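Chains A and B, in that order, are what the protein sequence lines are.
Taken in order, the first sequence gives residues 26 to 796; the numbers are from our numbering.
Taken in order, the second sequence gives residues 1306 to 1569; the numbers are from our numbering.
The block underneath contains the structure these notes are about, expressed in structure tokens.
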Amino acid sequence: MHTFEILFGNWVVRKRWWIIVASLVLGLAAASGGRLLSFVNDSRVFFSEENPQLQALEALENTYVKNENVFFILAPKDGDVFTRKTLTAVEELTEAAWQIPYSSRVNSLSNFQHTRSENDDLIVEDLVLDAQSLSDSELEEIKYIALNEPLLVNRQVSDRGHVTGINVNILKPGESQGEVREVADFVRVLADDFRVKYPGLDIYLSGGIIIDHAFGEASLRDLTTLVPAMYLVLIVIMGLTLRSVAGTFVTFLVIAFSMFTGLGLAGWLGIALTPASANAPTIILTLAVADSIHVLITIFYQMRAGRSKHEAIAESLRINLQPVFLTSITTTIGFLSMNFSDAPPFRDLGNVVAMGVIAAFFYSIFFLPALMAVLPIREKKQAEQREFRMIGQFADYVIRRRAGLFWVMLLVFIPLASGISQIELNDNFVKYFDESYDFRRATDFAEDNLTGFDVIEYSLESGEPGGINNPNYLLKVDEFANWYKAQPNVVHVISITEVMKRLNKNMHGDDPAFYRIPESRELAAQNMLLYEMSLPFGLDLNNQINVDKSATRMIVTLKKVTAADLRELDENARDWLSLNAPESMFSYGSGLSIMFAHISKRNIESMLGASIFALILISAILIVALRSFKLGFVSLLPNLSPAILAFGIWGLAVGEVGLAVSVMIAMTLGIVVDDTVHFISKYQRARREEQMSSPDAVRYAFETVGSALFITTLILAAGFTILSFSGFKVNSDMGQMTVITIVMALLMDFFFLPIVLMKVDKSVDKRSVTQ
Amino acid sequence: MKRFLSVCIICLFLSLPAGVLRADTPEEQGLSIALEAERRDDGFGDSTADMKMILKNRHGQESVRLIRIKTLEVKDDGDKSLSVFDTPRDVKGTAFLTFSHKQGDDDQWLYLPALKRVKRINSRNKSGSFMGSEFAYEDISSQESEKYTYKWIKNEPLNGVDCFIIERYPVDLKNSGYTRLLTWIDKDEYRVRKVEYYDRKKSLLKTLTLDGYQQYLGKYWRAHEMHMVNHQNGKSTVLLWTNQQFRQGLSELDFTQNSLKRVR
């Protein structure tokens, strides 16, 4: 092994030109796949096809129709929707909305199909017709009708009548990613036109399509803002720590090549970028830099110690080949285990980073030393280096105070770790985006003033064709809808029973006493038939009633709910149904909000096994590489505890966390292990090769890798801090938690691992002394 | 030499397509095709038929409705028709009366046996779904030539049958769900073979194909299968016609509001 490493180092120096050319060619070939990359703009991308909740939602959508929408929010500055001016704008925008690509249905205050009785006939017509010519009393009447219509209030109009919304249902063919953009671009222009034409109106844009569009935007934004910031930070840190222009330049090339190789290979493999996988570049940059730093620091150290440049390079490769290989392989395993996640974007993230890390390994051991070998580098020979004195003093302190430190660490560890119990899982796809996104502000405004954006949907089965006309069924559905309306945070419930009751009243000469479910199923069915025949294009009930009239759709809208609220509500609703409704009616709640409410838990479950598997595999690799079962076992402690501490600290300081938490262990494990590998391998070398006592070996390990560990931790922390500036919450949470984990890992490696090593080896030392 | 030249000119003219020779505009050609189709259906008097309507959604669920239809030809105005719903059983006995008009909105009434009342329907909303199907009322109502303007597009065979392709534009654009209907009419018998419906944003919404044409009284062709596919929501509806009969001796008296209550 050692001879191979010596031969390898010399070979790289000798073949430097060949290696540089080959690296450039291979790197460019891989990177050229980058042009095949595309951005996914779909909020459903976080769910695998096997996800049962996604399957349930798709079944519901195939039975009725998919509810993808654009939602215009109109807020007149004078605070009154019911003016000729504003209603004219509503009428015009309703008409214009039919021109939005893939629009299939437009619902607004103006085209609401108002029903009334006139001369014993049923009149079904637009609530607002030709707003410009309405008299004051007609305006009053429209206002009265609208604010007393359960289907309108808190959905199309606020209960105060100061904000109104126009909902456009979009039916994309689903053939290309461009469709969402096409719709989003169109509605933005449309909104701008109306802003110009109606300066008295504030117009906001929200809805599923706009959210989907933001998912694509988030990826692009992270790529174009975080990655350049990352480069800047890394260059500054490298410049400061390496104090070498050539070293910084070479490292810059290595990380750029690693990043482009990872991304390019992703392109070749047809991986599309999602808000999660779009951060692969940032993570690759961070991880790739560590390899370069280890190789470079040794080169400079050897040169300062008086060796020639080529000798220093060969020596650095001899020393670093094994640990760099080991850390790369463990990091790769950690990221590859993300393939067990239920959320495809994390699988992509894991795979892209893994490819980048492997590329970084090869660039660091071939390209970097070869390039260093041809660049002019001068290092003065120095007798003693200042940082080694500092780190030596630090090592002495740890060794001297080891008994006390051990207990201090335990005393700190236990209460911090117990913070895990404070962690609350919360995912909300709207809140994934911070306020820098237009649609997030629009959605917040709508939640404060008009309606909600979290939706639970049900398909309520009657159990027989035509059964939805059965009064017993209708009464039960009405009861269920009323139960929901009484729940906290519920702003609106769409149920077919609202229409049924209103029609029954209309059919009895608008007698309010008949605002109830019809007595016979024949009457219900015939009222409905009459009504359906009176509805215009795009406003039929086929989105609420299935073809054989055996089931209806109920849509519950909520606002300001947490994932826990949603889960609880869904569960209570199921309890209500199983207790009060016939068996056929029982149903799970469906919809994106519910799916996101379960996403963290589901992903944690799928990732837990994968993380344990990765941990076992990594520990096994360490045992083999270190050729010591004991050390491999001891390494578990500093490998596992940082994530536990990070969760605990997060629980105490923040509490709420989403999807990011599920992949944390898998992701940080590979990184955290690196520090342990470097420390333990140096400790072991001192014990085996130099026959040092355990405290001396600890001091040796500190002196050889202490500063490198400190610098790489600094770099990693900086990198993931930058990730935490992402406007996408999953990424910023991931960034922050990783920073905490990495810092914890360094603390564990500096204050706890040495002490444990000394404790474990104390008996061995005693034995060898007595011998 | 003179004779040879005139023969050449005659040959040249004969080889030209008929349309070019008549030098009509595409609009006039379209109209004349529509009028010819209408003329060929003149004089059928009255007819009765049973219609089976099969609704399908994207999830593969199906539902069937059975309807009996009587039609009376009216001179100088649109036809009158009366439909009686037999299933679903909740609407059994419900009857739907229509007086279609060449000009202005059609008149429509619905008899509801549960209420024992006849209710007038606001037929401005003709663009809506008919009984939850993918057919709008305007798709199955009497297709009077005055309800559209026309434009001939081209001639092209459809499944081996030579067809005129014309576009129809609804006159009442405000209340129609469509901007244009691309229509295939065969050259032999002027039967509609296929219709593509384009919605308000001019995207393809639905396609109707008509099959199983049979001739009655040696003159009148009726399709016995109509397939309507909605391309946007993935749902479809099939109409199957049976028991088609002509000249049953129906009169105006069979098509009054009072007659609605009597139908079984």
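We put the CB at the ideal spot given by N, CA and C, even for glycine.
In this text, all values refer to a predicted model and were calculated from it rather than measured experimentally.
Terminal residues of the beta strand (DSSP E) in which residue i lies
i: B:Trp1546; result: Ser1541 to Phe1551
i: B:Val1389; result: Lys1385 to Thr1392
i: A:Thr579; result: The sequence as given places Met at residue 579 of chain A; Thr does not occur at that position. First-last of the beta strand (DSSP E) with A:Met579: Ala576 to Leu583.
i: A:Val516; result: Val515 to Ile519
i: A:Leu226; result: Leu226 to Ser231
i: A:Thr311; result: No beta strand (DSSP E) holds A:Thr311; the alpha helix (DSSP H) holding it covers Ala305 to Arg329.
i: A:Arg213; result: Counting along the chain, A:Arg213 falls outside any beta strand (DSSP E), though it belongs to the alpha helix (DSSP H) covering Gly203 to Lys222.
i: B:Arg1505; result: Segment: none, B:Arg1505 is in no beta strand (DSSP E) and carries neither H nor E.
Rounded Cβ spacing between residue i and residue j (contact assumed at less than 8 Å)
i: A:Ala303; j: A:Phe72; result: With 8 Å as the limit, A:Ala303 and A:Phe72 do not qualify as a contact, their Cβ atoms being about 18 Å apart.
i: A:Ala588; j: A:Asn494; result: No, A:Ala588 and A:Asn494 are not in contact; Cβ-Cβ is about 37 Å, not under 8 Å.
i: B:Asp1384; j: B:Ser1447; result: 4 Å
i: A:Leu290; j: A:Met434; result: Contact flag wrong, Cβ pair sits at about 42 Å.
i: A:Ala606; j: A:Lys754; result: 37 Å between Cβ atoms; not a contact.
i: B:Ser1653; j: B:Met1358; result: With chain B running from 1306 to 1569 in the structure shown, residue 1653 of chain B is simply not present.
i: A:Thr286; j: A:Gly52; result: 6 Å
i: A:Asn568; j: A:Tyr89; result: 5 Å
i: B:Tyr1503; j: B:Phe1551; result: Between B:Phe1551 and B:Tyr1503 the Cβ distance is about 34 Å, and since that is not below 8 Å, they are no contact.
i: B:Leu1545; j: B:Glu1530; result: 6 Å
i: A:Gln124; j: B:Lys1506; result: 5 Å
i: A:Asp103; j: A:Gly225; result: 7 Å
Residues that residue i bridges to, as DSSP identifies them
i: B:Glu1530; result: B:Asp1516 and B:Leu1545
i: A:Asp595; result: A:Asp595 pairs with nothing; no bridge assigned.
i: A:Asn192; result: A:Phe96 and A:Asn132
i: A:Ile125; result: Beta-bridge pairing links A:Ile125 to no other residue.
i: B:Lys1499; result: B:Trp1489 and B:Thr1514
i: A:Asn63; result: Checking the displayed sequence, the identity of residue 63 of chain A turns out to be Ser instead of Asn. DSSP output for A:Ser63 lists no bridge partner at all.
i: A:Val252; result: In DSSP, A:Val252 forms no bridge with anything.
i: A:Pro370; result: Answer is none; A:Pro370 lacks a bridge partner.
i: A:Phe753; result: A:Phe458
i: A:His139; result: A:Glu150
i: A:Val178; result: A:Val182
i: A:Ser484; result: A:Arg578
Reference residue i; option with closest CA among the options
i: A:Gly417; options: A:Ile228, A:Phe775, A:Gln124 and A:Glu116; result: A:Phe775
i: A:Asn192; options: A:Leu555, A:Leu670, A:Ser609 and A:Phe137; result: A:Phe137
i: A:Leu748; options: A:Glu117, A:Asn179, A:Pro253 and A:Thr119; result: A:Pro253
i: A:Ser872; options: A:Ile45, A:Ile521 and A:Asn531; result: Shown here, chain A extends from 26 to 796; a query on residue 872 of chain A therefore has no answer.
i: B:Arg1485; options: B:Tyr1495, B:Pro1462, B:Glu1443 and B:Lys1524; result: B:Glu1443
i: A:Thr582; options: A:Val515, A:Ala549, A:Ala538 and A:Ile646; result: A:Val515
i: A:Lys40; options: A:Val781, A:Phe391 and A:Ala471; result: A:Phe391
i: B:Phe1404; options: B:Ser1481, B:Arg1473, B:Tyr1521 and B:Gln1562; result: B:Gln1562
i: A:Val730; options: A:Met762, A:Ile308, A:Met415 and A:Ala442; result: A:Met415
i: A:Ser48; options: A:Ser68, A:Val279 and A:Asp247; result: A:Val279
i: A:Leu374; options: A:Ser446, A:Ala301 and A:Arg652; result: A:Ala301
i: B:Leu1370; options: B:Asp1391, B:Val1379 and B:Lys1380; result: Per the sequence shown, residue 1370 of chain B should be read as Arg rather than Leu. Among B:Asp1391, B:Val1379 and B:Lys1380, the Cα nearest to that of B:Arg1370 belongs to B:Asp1391.
i: A:Leu152; options: A:Lys168, A:Asp145, A:Ser160 and A:Arg220; result: A:Lys168
i: B:Phe1560; options: B:Glu1367, B:Val1379, B:Leu1417 and B:Ile1470; result: B:Val1379
Opening and closing residue of the alpha helix (DSSP H) in which residue i lies
i: A:His623; result: Leu617 to Leu651
i: A:Tyr509; result: Pro496 to Lys510
i: A:Ser687; result: Ala685 to Glu715
i: A:Asn552; result: Arg546 to Met558
i: A:Arg426; result: No alpha helix (DSSP H) holds A:Arg426; DSSP gives it neither H nor E.
i: A:Pro394; result: Leu393 to Val399
i: A:Thr468; result: Asp463 to Asn474
i: A:Arg41; result: Arg41 to Ala56
i: A:Thr357; result: Lys334 to Leu361
i: A:Arg724; result: Ser719 to Leu748
i: B:Arg1473; result: It is not in any alpha helix (DSSP H) - B:Arg1473 instead sits in the beta strand (DSSP E) that spans Val1466 to Pro1475.
i: A:Gln78; result: Pro77 to Thr88
i: A:Ile448; result: Segment: none, A:Ile448 is in no alpha helix (DSSP H) and carries neither H nor E.
CB contact check: residue i to chain E, cutoff 9 Å
i: B:Phe1390; result: In the structure shown, chain E does not exist; the protein chains are A and B.
task: Output the residue ranges of the beta strand (DSSP E) runs that lie fully inside the region 1347–1375 of chain B and measure 3 residues or longer, sorted by chain position.
output: The DSSP assignment places 1351–1361 as complete runs of the beta strand (DSSP E) inside the region 1347–1375 of chain B, in order along the chain (cut-off: 3 residues).
task: Enumerate, from N- to C-terminal direction, the unbroken beta strand (DSSP E) stretches of 3 or more residues contained entirely within the region 1379–1464 of chain B.
output: If only uninterrupted beta strand (DSSP E) runs of at least 3 residues are considered, those enclosed by the region 1379–1464 of chain B are 1385–1392, 1400–1404, 1412–1417, 1422–1426 and 1453–1463.
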